[in-house]
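Asker: Sharing a structure below in structure tokens format, with a few things to ask.
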């Protein structure tokens, strides 16, 4: 059975891979798992049919038979656990990979998203100039810690796992904003992720949505 | 083998259950699993010995034999998967519970923590009065969506799961700040969590740290 994911019909990022369906596409591509995509408009995302799938009115969702999931972390974990390859066989290593999944989403992503939201939504506010250095410092603190832990390793804990997939996915979103360049090892880490064939296929697939002329509804 | 968790030696919350060891203690108590606690000072948290356990220099950590975990979400999930009872047996229901775990930590917690951080760290800043309504609205948007999904159900998806444990844990932290009172069903949901004997034991245990005279080191 081919799973169906949802993605933005018109993405605020214009196909630069910032939307969270990118992570799910990447995980599916790592598993060579075909999938279908249902595009949703911003208004459809707030309608009852989509809210039944995703209570917070966002993308991505994942439907396969009678299973419906939301939250990119949970979907990536489901794909990883169902297909193998993105989680180590060794029990302790598997738990450490799961820990990195949560760390990516609950510890590293929030200060980066805060910074992004401030840059996007508060740039014209009177407090922006004064407050932004505080926000930048919070993001840098987390990146300092992550950079120190990664050191010169290729991946966070041995081989590439779903933890790396989500961490690279989180860091990738900040790539064009300059902050990642301050950390050569994190930049190289993201580049290693981007160089994976599955990442490239996922990136190309999400970009196609925005480079193809879509029929009007 | 008794697991060892870490918790604040001197908590910024003075034992009101705001620290993230509360969630882990609660999960362990739900499983009737004994555990030991190692208290760490703020300076110890930034030292190499603790950073080896937790790369972001925070609490809680979880050690059991040769397994070391960090991230309260990963630890709660580990406890739930190891012992049973906090995750449904039905495969689809189990995945939905895991989805709620990620939703609690990656979708609901960030705007609530932002609001908390602004209230704690930015109250004396010149922008606070102007910016705080924006922050409050972001938090309210998520609580609106969560409240609508919960409706008049006792728990998010049938029986109490690790997803509810983390969601109640996240909401509980905002309880004393007024915002939760705007949502009677979410307030009642948190109260149901707090009424669980395991929650009460966990709360009492974390409070004891701060009401007991500690020997000087």
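Chains as they are written, first to last, in this note's numbering: chain A, 1 to 217; chain B, 218 to 434.
Cβ atoms here follow ideal geometry from the backbone N, Cα and C, with glycine treated the same way.
Being a predicted model, the structure only gives us computed values, none of them experimental.
Going by other Cβ atoms of all chains shown within 10 Å of its Cβ, with 16 needed for buried, is residue 395/B buried or exposed?
Answerer: Counting the other Cβ atoms within 10 Å of the Cβ of residue 395/B gives fewer than 16, which makes it exposed.
Asker: For residue 416/B, decide whether its Cβ has a neighbour in chain A, counting only Cβ atoms nearer than 9 Å.
Answerer: no
Asker: Are the beta-carbon atoms belonging to residue 327/B and residue 109/A less than 9 Å from one another?
Answerer: yes
Asker: In chain order, what residues of the segment 144 to 176 of chain A put their CB closer than 8 Å to some CB of chain B?
Answerer: 145, 146, 148, 149
Asker: Going by C-alpha distance, which of 290/B, 316/B, 295/B, 292/B is nearest residue 79/A?
Answerer: 316/B
Asker: Using DSSP's beta-bridge definition, name the partner residues of residue 229/A.
Answerer: Outside the shown range of chain A, which is 1 to 217, sits residue 229/A, and nothing can be said about it.
Asker: Using the three-state DSSP reduction, which class does residue 160/A fall into: helix, strand or coil?
Answerer: coil
Asker: How would you list, in chain order, the residues of chain A whose beta-carbon sits under 9 Å from the beta-carbon of residue 238/B?
Answerer: Chain A residues near residue 238/B: none, gap ~15 Å exceeds 9 Å.
Asker: DSSP beta-bridge partners for residue 285/B?
Answerer: 280/B
Asker: Could you please tell me which residues of the segment 321 to 339 of chain B, in chain order, have their CB closer than 9 Å to any CB of chain A?
Answerer: 322, 323, 324, 325, 326, 327, 330, 331, 334, 338, 339
Asker: Could you give the DSSP three-state label for residue 392/B: helix, strand or coil?
Answerer: helix
Asker: Check whether the segment 197 to 210 of chain A touches the segment 11 to 23 of chain A, counting contact only when three or more Cβ pairs, one atom from each stretch, lie closer than 8 Å.
Answerer: When Cβ pairs closer than 8 Å are counted between the two stretches, the segment 197 to 210 of chain A is seen to touch the segment 11 to 23 of chain A, the count reaching three or more.
Asker: Is there a C-beta anywhere in chain B that falls below 9 Å from the one on residue 88/A?
Answerer: Not one chain B Cβ lies under 9 Å of residue 88/A.
Asker: Does residue 32/A pass the burial test, meaning 16 or more other C-beta atoms within 10 Å, or should it be called exposed?
Answerer: exposed
Asker: Which of the three DSSP states is assigned to residue 141/A in this structure?
Answerer: helix
Asker: Along chain B, which residues have their Cβ under 8 Å away from the Cβ of residue 71/A?
Answerer: 316, 319, 320, 323, 324
Asker: Would residue 30/A pass as a contact of residue 165/A if the rule is Cβ separation under 9 Å?
Answerer: yes
Asker: Considering only the beta carbon of each residue, do residue 357/B and residue 398/B sit closer than 9 Å?
Answerer: no
Asker: For a cutoff of 9 Å on Cβ pairs, would you count residue 203/B as touching chain A?
Answerer: This structure cannot settle anything about residue 203/B, because the visible part of chain B is limited to 218 through 434.
Asker: Among 89/A, 49/A, 102/A, which one has its Cα closest to the Cα of residue 72/A?
Answerer: For the residues 89/A, 49/A, 102/A, the minimum Cα distance to residue 72/A belongs to 102/A.
Asker: Restricting to Cα atoms, I'd like to know which of 127/A, 204/A, 74/A is closest to residue 324/B.
Answerer: 74/A
Asker: Hey, residue 2/A and residue 60/A are a contact pair by Cβ (cut 8 Å); roughly how many whole angstroms apart?
Answerer: Going by Cβ atoms, the distance from residue 2/A to residue 60/A rounds to 15 Å, so no, they are not a contact pair.
Asker: Just to check my reading of the structure: residue 46/A and residue 57/A have Cβ atoms closer than 8 Å, yes? What is that Cβ distance to the nearest angstrom?
Answerer: At roughly 5 Å, the Cβ-Cβ gap stays under 8 Å, so residue 46/A and residue 57/A are in contact.
Asker: So, does the CB of residue 359/B fall closer than 9 Å to a CB anywhere in chain A?
Answerer: Output row for residue 359/B: interface = yes.
Asker: Hey, residue 27/A and residue 86/A: beta-carbon distance below 9 Å or not?
Answerer: yes
Asker: In the DSSP assignment, find the alpha helix (DSSP H) that holds residue 20/A and state where it starts and stops.
Answerer: Element bounds for residue 20/A: n/a, residue is neither H nor E.
Asker: Residue 95/A touches chain B at which residues, Cβ-Cβ below 8 Å?
Answerer: 284, 286, 291, 295
Asker: Taking C-beta pairs closer than 7 Å, name the residues in chain A that residue 274/B reaches, listed in chain order.
Answerer: Residues of chain A with a Cβ closer than 7 Å to the Cβ of residue 274/B are, in chain order, 145.
Asker: Assign residue 259/B to one of two classes, buried (16 or more other C-beta atoms within 10 Å of its C-beta) or exposed (fewer than that).
Answerer: exposed
Asker: So with Cβ pairs under 9 Å, would you call residue 51/A a contact of chain B?
Answerer: yes
Asker: Rounded to whole angstroms, what's the CA-CA distance from residue 314/B to residue 159/A? Just pull it up for me.
Answerer: 28 Å
Asker: Might you give, ordered along the chain, the residues of its own chain that have their beta carbon closer than 6 Å to the beta carbon of residue 34/A, omitting 5 neighbours on each side?
Answerer: Spatial neighbours of residue 34/A in its own chain (CB-CB distance under 6 Å, excluding positions within 5 residues in sequence) are listed in chain order as 2.
Asker: Going by C-alpha to C-alpha distance, which of 312/B, 287/B, 413/B sits closest to residue 95/A?
Answerer: 287/B
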